[in-house]
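Below you'll find the structure, written out as structure tokens, and then a few comments.
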Amino acid sequence: MKSIWNKILQVDLTARTCKTEHIPDQVYENFLGGAGMNAYILWRDCPRGTTAFNPANRLTFAPGPMQGLKQSGAAKWTAGAISPSINMNADSAATASFGIEIKEAGYDALVVHGRSDKPVCLVVDDEKAEIKDASLFWGKDAYEAEDGMKEAEGEKFECVTIGPAGELGVRYANIQTRKKSFLGRCGLGAVMGSKLLKGIAVRGSQSVEIHDPKEMDRLNKEINKRLTEMDKLHDEWLQFKRVGTASATELFAPQGNLPIKNYQLADFPSGVKNFHASNYAKELNAKPWPCQYCAIQCHNKCEIKEGPYAYKGKGPEYESFAMVGFNTMVDDIKAVAYACELANLYSLDAISLGVVIAWAMECYEKGVLTKKDTYGLDLTWGNAEAMVEMARKIGTRADGLGYLLGEGTKIASEIIGGGSGDWAVQMKGQEIAAHNWRAQYISALNYCTGVASGPNHERGNSQHIWVGHVRLPEWGIDEVENEERWSWEKAAERNAKFHDYCNVINSACHCKFMEFRGYTLTDLCNTINAATGTGWSLDDLRRCGDRITQLQKLLNIRYGWKKEYDFNYPKRFMEPVQEGPAAGKIPIGLEDAIMDYYKERGWDKDGRPTASKLKEVGLQDFIE
Amino acid sequence: MKVFINLKEWEFQEGAKFVEVVNLIKEAKKDEPMIKTIREKTGRSNIILFVLNGRVVQPREYESLEIKDGDNIRLIHPFAGG
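So the sequence lines, in the order shown, correspond to chains Y and D. So the first sequence is numbered by this note's numbering: it starts at 1 and just counts up by one. So the second sequence is numbered by this note's numbering: it starts at 1001 and just counts up by one.
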């Protein structure tokens, strides 16, 4: 197989060794790379009983066969480990150039295990790898750490780093790269912190061999041209390079998809008004900040020049904006952008942060928390100052509530009590992202049954059948009626296809925003074939996605998943909202839909893959 | 003649112009919430974009471009959000 090196770097922080390991073609033919490689490494190297903060946990940073290709969207990469939020296997994807640099250094993955006895960083310069002292960077925020590492190693190194929240074990701590992209979900930053690994710097100068360079060049040109032309044809406010994903608030509000007041309300007019795209561009001085080769340019850099929320840096994306703003009822766009950037500096996942603060606000409203608990902060809905200050308390793990909220809403509600579990909008220990189950029932099914990364919108994305109008005609999802949002009839089949679709993309390591804006499954299949020479059909692509999903499920089971976890969903979504397009809609019938999904997947009534299903996808040797 | 729209086969008369495909899709999608929202916000009618055999069709071509037997057309909706 081409477009891979058949090599990974194994880093043991306890023994302070870095060794190259050969990986046979068959592993890539089965799992491609990226998310698939993460799952394979866990399956092979992390036995039952391994937990998130156990030194034996493997933290894998893996690009895929698409890194090194000059194609729009080919800057993506993934990392995975056993997660401290869901206590099962998880992976998360980011962009910028870190994955490309790993590939150009001559590796298909960096796998870190063990635990250092003092803060360290890993430096990979082509095939030379070294574990270095990072005591000077420990305690610094994630951006300062990146600056320090680049100053020490050189500007051409690409870095990942964590901030204080990662060092201090916040269960939803993220990992950042280039001050713009984040391995946001599942707390991989805390895994990195538990190993006393502050950062990784990588530089490479090698080009991987492509199966058919001529065809690859043709595809790159055609696809890049098409995506660029298409973006120009959209109205300005819908062009990602304007405000990135944040323009979604205007499209999601009329669909009832926004998370408002800890998912209690259907509308937040001042939020919709203040957060709309033209206001974002004006108030935050947003400018495009593209990734390598990208035609769409969804990232943007912002600058608030004065006032209490002055900063220059990353512009918030839809999920951050929605969770930190709409969900807490804070309609001050500058305060929300600033809080999101604070989250980035501390290395807090902004989705969980928004849910956690909203949960605390509801506790405060109901008297379960008082000013004695909140450091004297008036934690009322919409209080921007209190929201920002609480983000600081969580990011620094301040004694008391700040520390507790760093554990996530599941643990916090178990400790605080007072019925607060009823408004903890989480599943399996992970907070729910900004897609409302009442607006499309398939979101409920996606969260309940996801195996790649627990309950995670990004690892299913089936909500986008409606909210983003994404279609997969190659796999039979095309003509969909709006009213089907509230039907279970085809939900299991569609959800399964979207889970596999996300796994293929996250394993090839491509940016889903391309697929959402005109890059087809046929394009993906042609690109993988030109790069690797696998000669896959569209059915083979699905089979690969299915195989990875099944392996992730086996890992869930290994690390302690129980069937009841899938059915223990947030009660909040069974409370209807009173207005808007989703008024009165609640996902009744979800339990039956979960059972339908098990059947669709080839799982038994207990949600476990059957031997015949595992044989069908070539995983007969993976049965435990 | 046969034309494929999102891989599904459709029949069109010989000599049909691309605008017939555009109108067919516009009518079918006119009540979809996202399309309605964008139409109301922008006043635009060309919200869904079309890719013909791998290349983007510019709206100015709709009236003059002739579709051919075996053409492969993909519909691209606007997308927003994470």
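Beta carbons: idealized from backbone N, C-alpha and C, even for Gly.
TODO: Could you work out which residues of chain D lie near F516/Y, taking near to mean beta carbons separated by less than 7 Å?
DONE: F1079
Task: Proximity below 9 Å, CB of A74/Y to CB of H510/Y - done: yes
Task: Cβ-based neighbour list, Q239/Y, same chain, cut-off 7 Å, excluding 5 preceding and 5 following - done: D231
Open item on the list: At the level of alpha carbons, what is the spacing between D523/Y and D540/Y?
Closed with: 14 Å
- [ ] Could you list which residues in chain D have their beta carbon closer than 9 Å to that of T396/Y, in chain order?
- [x] Chain D residues near T396/Y: none, gap ~27 Å exceeds 9 Å.
TODO: Quick one: give me the first and last residue of the alpha helix (DSSP H) that I357/Y is part of.
DONE: A350 to E365
Open item on the list: Among the candidates V272/Y, I210/Y and G421/Y, whose CA atom is the shortest distance from the CA of R572/Y?
Closed with: G421/Y
Task: Counted within 10 angstroms of its Cβ, other Cβ atoms place D378/Y as buried (16 or more) or exposed - done: exposed
TODO: Using a Cβ cut-off of 9 Å, pull out every chain D residue sitting near G468/Y, in sequence order please.
DONE: M1034, H1077, P1078, F1079, A1080 and G1081
Task: C-alpha distance - A630/Y paired with T409/Y, whole-angstrom precision - done: No answer is possible for residue 630/Y: it lies beyond the span of chain Y, which begins at 1 and ends at 624.
Open item on the list: I need the DSSP call for I586/Y, collapsed to helix, strand or coil.
Closed with: Here I586/Y sits in coil by DSSP.
- [ ] Quick one: list the residues of chain Y neighbouring N1006/D, beta-carbon separation under 7 Å, in chain order.
- [x] R471, P473 and D478
TODO: Determine which residues of the region 1042-1058 of chain D have a Cβ less than 9 Å from any Cβ of chain Y, and write them out in chain order.
DONE: T1042, R1044, N1046, I1047, I1048, L1049, V1051, G1054, R1055, V1056 and Q1058
Task: Simplified DSSP state of V27/Y, which is helix, strand or coil - done: helix
Open item on the list: If you measure between the beta carbons of V1051/D and I1073/D, is that distance less than 9 Å?
Closed with: yes
Open item on the list: Going by C-alpha to C-alpha distance, which of E575/Y, F516/Y and V504/Y sits closest to F31/Y?
Closed with: For the options E575/Y, F516/Y and V504/Y, the alpha carbon positioned closest to that of F31/Y is the one of V504/Y.
- [ ] Would you mind telling me which residues of chain D sit closer than 7 Å to P254/Y, beta carbon to beta carbon, in chain order?
- [x] Correct list: P1033 and T1037.
Task: Contacting positions in the region 579-605 of chain Y - beta carbon closer than 9 Å to chain D - done: P581
TODO: Please name the residues in the region 221-246 of chain Y whose beta-carbon is closer than 7 Å to at least one beta-carbon of chain D, in chain order.
DONE: E222, R226, E229, M230, L233, H234, D235, L238 and T245
TODO: Tell me, to the nearest whole angstrom, how far the beta carbon of V191/Y is from that of A105/Y; I am working on the premise that it is less than 8 Å.
DONE: 22 Å between Cβ atoms; not a contact.
Task: Three-state secondary structure (DSSP) of M387/Y - done: helix
TODO: Alpha carbon to alpha carbon, how far is V123/Y from K132/Y? Give it in angstroms, no decimals.
DONE: 7 Å
- [ ] Grab me the residues of R485/Y's own chain with a C-beta within less than 6 Å of its C-beta, minus the 5 sequence neighbours each way, in chain order.
- [x] Q440 and W466
TODO: With D45/Y as the anchor, note down where its beta strand (DSSP E) starts and where it stops.
DONE: Unbroken run through D45/Y is the alpha helix (DSSP H), G34 to D45; no beta strand (DSSP E).
TODO: Tell me whether the beta-carbon of A56/Y lies closer than 9 Å to the beta-carbon of N89/Y.
DONE: no
- [ ] Measuring only between beta-carbons, confirm whether N482/Y sits less than 9 Å from chain D.
- [x] yes
Open item on the list: So S453/Y and C186/Y are supposed to be a Cβ contact under 8 Å. How far apart are they, rounded?
Closed with: Between C186/Y and S453/Y the Cβ distance is about 5 Å, and since that is below 8 Å, they are a contact.
Open item on the list: By alpha-carbon positions, which one of N274/Y, A444/Y, P269/Y and E481/Y ends up nearest to A580/Y?
Closed with: Note that residue 580/Y is Gly in the sequence shown here, rather than Ala. Scanning N274/Y, A444/Y, P269/Y and E481/Y for the CA closest to the CA of G580/Y turns up P269/Y.
- [ ] Pull up the DSSP beta-bridge partners for N1053/D, would you.
- [x] Bridge partners of N1053/D: none, in fact.
TODO: For R1074/D, go through chain Y and note every residue whose CB falls closer than 7 Å to its CB, in chain order.
DONE: T520
TODO: Starting from the Cα of A310/Y, find the closest Cα among G325/Y, K334/Y and Q297/Y and give me that residue.
DONE: Of the listed residues, the one whose Cα sits closest to A310/Y is K334/Y.
Task: Cross-chain neighbours of A444/Y in chain D, by beta carbon under 9 Å - done: Per Cβ cutoff of 9 Å: no residues; A444/Y is ~18 Å from chain D at best.
Task: Three CB pairs or more closer than 8 Å across the region 527-534 of chain Y and the region 204-217 of chain Y - done: Enough Cβ pairs lie closer than 8 Å, so yes.
Task: Element boundaries [alpha helix (DSSP H), containing E104/Y] - done: F98 to E104
- [ ] Say whether the region 428-448 of chain Y touches the region 387-405 of chain Y, bearing in mind that this needs 3 or more beta-carbon pairs closer than 8 Å, one atom from each stretch.
- [x] no
- [ ] Have a look at H499/Y, L197/Y and G382/Y and flag the residue whose alpha-carbon is nearest the alpha-carbon of V111/Y.
- [x] L197/Y
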